[in-house]
Amino acid sequence: MTYRFPDGFTWGTATASYQVEGAIHEDGRTPSIWDTFCAEPGHVFDHSSGEFACDQYHRYPQDIALMKTLGIDAYRMSVSWSRIIPELGGPVNQAGVDHYLRVLDALRDNGIKPVVTLYHWDLPQYLQDRGGWPERDTALRYGEYAGVLARAFGDRVDTWTTLNEPWCAAYLGYGCGDHAPGIKDHAQALAAAHHLNLAHGLGVQAVRGELGDAARCSVTLNLSVTRAASDSPQDVAAKRRADLLNNEVFLGPMVEGRYDPELFSATEHVTDWSFVRDGDVETAHQPIDVLGVNYYSTNTVRWRDENSVEAVADDGPVATSPAGLDVHNDPIPAQESVETLPPTGELTAMGWNQDPQGLTDILVELAQRYPELELMVTENGSAWEDEVTLDPQVEGVPAGDDGFAVVPGKIVHDPQRVAYLDAHVKALAAAIDGGANVTGYYAWSLLDNFEWALGYTKRFGIVRVDYDTQERIWKDSALYYQRLVSTNGIPEA
Ligand code: GCO
1 MTYRFPDGFT
11 WGTATASYQV
21 EGAIHEDGRT
31 PSIWDTFCAE
41 PGHVFDHSSG
51 EFACDQYHRY
61 PQDIALMKTL
71 GIDAYRMSVS
81 WSRIIPELGG
91 PVNQAGVDHY
101 LRVLDALRDN
111 GIKPVVTLYH
121 WDLPQYLQDR
131 GGWPERDTAL
141 RYGEYAGVLA
151 RAFGDRVDTW
161 TTLNEPWCAA
171 YLGYGCGDHA
181 PGIKDHAQAL
191 AAAHHLNLAH
201 GLGVQAVRGE
211 LGDAARCSVT
221 LNLSVTRAAS
231 DSPQDVAAKR
241 RADLLNNEVF
251 LGPMVEGRYD
261 PELFSATEHV
271 TDWSFVRDGD
281 VETAHQPIDV
291 LGVNYYSTNT
301 VRWRDENSVE
311 AVADDGPVAT
321 SPAGLDVHND
331 PIPAQESVET
341 LPPTGELTAM
351 GWNQDPQGLT
361 DILVELAQRY
371 PELELMVTEN
381 GSAWEDEVTL
391 DPQVEGVPAG
401 DDGFAVVPGK
411 IVHDPQRVAY
421 LDAHVKALAA
431 AIDGGANVTG
441 YYAWSLLDNF
451 EWALGYTKRF
461 GIVRVDYDTQ
471 ERIWKDSALY
481 YQRLVSTNGI
491 PEA
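Per full-length UniProt numbering, the sequence shown starts with residue 1, numbered consecutively.
Here it is in structure tokens:
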């Protein structure tokens, strides 16, 4: 044993509704922007959708049996808004509520804490039909939805997470159009970012309004770790510009109750920010109990000569864009002078670099900026090309009359995912030693699942999903994680 985590440290796994549930037509659910986006040609690499995904809508009892075998303390999941409120202004859909009540109760019965994300990108299509996140009304509707969930779920939820990665919802959804609803308009992207900030505040207010101040509230951000290519003033300025648009745009209102004035000046050619109304920033700035950080990789930037600005248009797909699709504009506004260097070292199947030090750095930096704030790593993981090996020695996880939660006789040997996980768990330990109050870690993901614009072509699971049979198959990384969780310490390699 090389390291023990603090007593009571929470080990979990994470998923999101549209990525795992399937059952998109069931129990009164209406389409989300992802159903619409997937149905339009050219958006999703393998032309797939979340129609079936991992079928967790039906298989949650088996998946919870799997989680119990893994020994995890918590499951981070999200709720599909259009299952709960299928029509604009419409009544609450009790069948949708009942589904999640069954899931939450099953988790509790198995001693697994539910960490519930209210919004993980699957906006009801009826709200996009009225303009989506660039419209203020969407934030107001989100507040109502949050209140509905708080009333319905009550104390079954351990931690309420208002939003997952508003960066992606705003910039990939409205900036470069890589994600639903596929809009390419930087002014809309910034309006969306603001209304997501507002929605976060309204969501916390709604949850606490229903459940009292003791309700544990959070938000999950994918804070970018951007390094300057050199310490020249230009390259440092490029990093500053990236940080403003990636991180400060969300941390400022949500955690500090302000927008940095430099954000407005840097983006004045994009928008006048007139969508920010008096009191919005105060609303966004609700006390939170814990900040969720999603971490995968880092970026290095340098200042781009203004004369070569046209190069932006031909810069190739951003990291999350499927190669070969027609997506070439920068998702993030006001990056004309910021050039991201190609990643180096052994890249994951996403083309992302591996930089565990970045996880330590961001957690320690947050702890220094916000000493009072509790932190949790709400996602961390990696995609690789996995292969199944037949091995009669491998034991499955029986699930009573329902067959197997994990099938016997098959396994994926995924040394690269194990190494990534091990290196990042060590980086997490270093952050805790460096003074960061991190209380939990959630591996992305429990299962291989629908990886957005990349469809089913990228596998992030610590457990494999055979999409033809819906079998769950062990990977070595799951067995590594099981040992980590059971000892609350880093297993010997
Ligand atoms: C994310 C998402 C996940 C992705 C994962 C891998 O928050 O970006 O929460 O849905 O699948 O990050 O790209």
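Backbone N, C-alpha and C define an ideal beta-carbon position, used for all residues, glycine too. What you are looking at is a predicted structure, and each value in this text was computed from that prediction instead of being measured.
Within a Cβ cutoff of 7 Å, which residues of the same chain sit near residue i, ignoring the five residues on either side of it in sequence?
| i | result |
| --- | --- |
| His58 | Ala23 |
| Pro491 | Tyr480, Arg483, Leu484 |
| Val309 | For Val309, the predicted structure reports a pLDDT of 43, less than 50, and the residue's modelled location is therefore unreliable. The matter cannot be settled from this model. |
| Arg130 | Asp137 |
| Gln128 | Ile33, Pro181 |
| Gly324 | Reliability fails at Gly324, whose pLDDT of 38 lies under 50, so the model's placement of it is uncertain and no value is given. |
| His200 | Thr162, Leu163, Val219, Met254, Ala284 |
Leaving out five residues on either side along the sequence, give the residues of the same chain with a beta carbon under 6 Å from the beta carbon of residue i.
| i | result |
| --- | --- |
| Leu211 | Ala150 |
| Gly435 | Ala367 |
| Thr469 | none |
| Asn271 | First, the amino acid is wrong: residue 271 is Thr here, not Asn. Excluding positions up to five away in sequence, the list reads Ala187, Leu190. |
| Cys54 | Val20, Leu447, Asn449, Val465 |
| Ala238 | Val301, Arg302, Trp303, Val338 |
| Lys68 | Asn110 |
| Ala192 | Trp133, Pro134, Ala170, Tyr174 |
| Gln56 | Val20, Glu21, Asp63 |
| Thr2 | Ile490 |
| Thr36 | Gln125 |
Would residue i and residue j qualify as a contact pair, given that the criterion is a beta-carbon distance under 8 Å?
| i | j | result |
| --- | --- | --- |
| Val418 | Ile473 | no |
| Gly461 | Asp476 | no |
| Ala431 | Thr360 | yes |
| Ser445 | Ala14 | yes |
| Thr441 | Val377 | Per the sequence presented here, residue 441 reads as Tyr, with Thr not at that position. Yes. |
| Asn197 | Ser224 | no |
| Asp235 | Arg302 | yes |
| Pro124 | Arg156 | no |
| Trp160 | Cys217 | yes |
| Phe45 | Leu454 | yes |
| Thr344 | Arg227 | no |
| Gln335 | Ala242 | yes |
| Arg464 | Val412 | yes |
| Ala180 | Trp34 | yes |
| Val103 | Thr162 | no |
| Pro134 | Ala106 | no |
| Ala146 | Leu202 | yes |
| Ile112 | Ala74 | yes |
| Ala427 | Pro356 | yes |
| Glu282 | Gly257 | yes |
| His120 | Ser274 | no |
Does residue i come out as helix, strand or coil in the three-state DSSP assignment?
| i | result |
| --- | --- |
| Lys475 | strand |
| His440 | The sequence shown places Gly at residue 440, rather than the His named in the question. DSSP places Gly440 in strand when its eight states are reduced to three. |
| Lys458 | coil |
| Ser486 | helix |
| Ala229 | coil |
| Gly324 | Since pLDDT at Gly324 reaches only 38, below the 50 mark, its modelled position is unreliable, and no value is offered. |
| Cys217 | strand |
| Val276 | coil |
| Ala399 | coil |
| Ser32 | strand |
| Thr2 | coil |
| Glu336 | coil |
| Leu447 | strand |
| Glu310 | Confidence at Glu310 is low in this model, with a pLDDT of 40, below 50, so its placement is unreliable and no value can be given for it. |
| Trp11 | strand |
| Leu245 | helix |
| Trp303 | strand |
| Asp129 | coil |
| Asp466 | strand |
| Ile432 | helix |
| Val412 | strand |
| Thr283 | helix |
| Ala23 | coil |
| Phe45 | coil |
| Val394 | coil |
Give me, in chain order, the residues of the same chain whose beta-carbon lies closer than 8 Å to that of residue i; leave out the 5 immediate sequence neighbours on both sides.
| i | result |
| --- | --- |
| Gly28 | Arg83, Pro86, Asn93, Ala95, Gly96 |
| Pro41 | His47 |
| Ser486 | Gly71 |
| Ala39 | Ser49 |
| Lys245 | For clarity, residue 245 is Leu in the given sequence; the question names Lys instead. The answer, listed in chain order, is Leu263, Ala266, Thr267, Ile332, Pro333, Ala334, Gln335. |
| Val394 | Pro408, Gly409, Lys410, Ile411, Trp474 |
Kindly provide the ranges of any beta strand (DSSP E) runs that are 3 or more residues long and lie completely inside the stretch 147–214, ordered along the chain.
-> The qualifying runs are 159–164.
Within the stretch 354–391, note down every full beta strand (DSSP E) run reaching 3 residues or more, in order along the chain.
-> Taken in chain order, the complete beta strand (DSSP E) segments of 3 residues or longer contained in the stretch 354–391 are 374–379, 388–390.
Complete alpha helix (DSSP H) runs within the stretch 62–127 (minimum length 4 residues, chain order) = 81–84, 94–109
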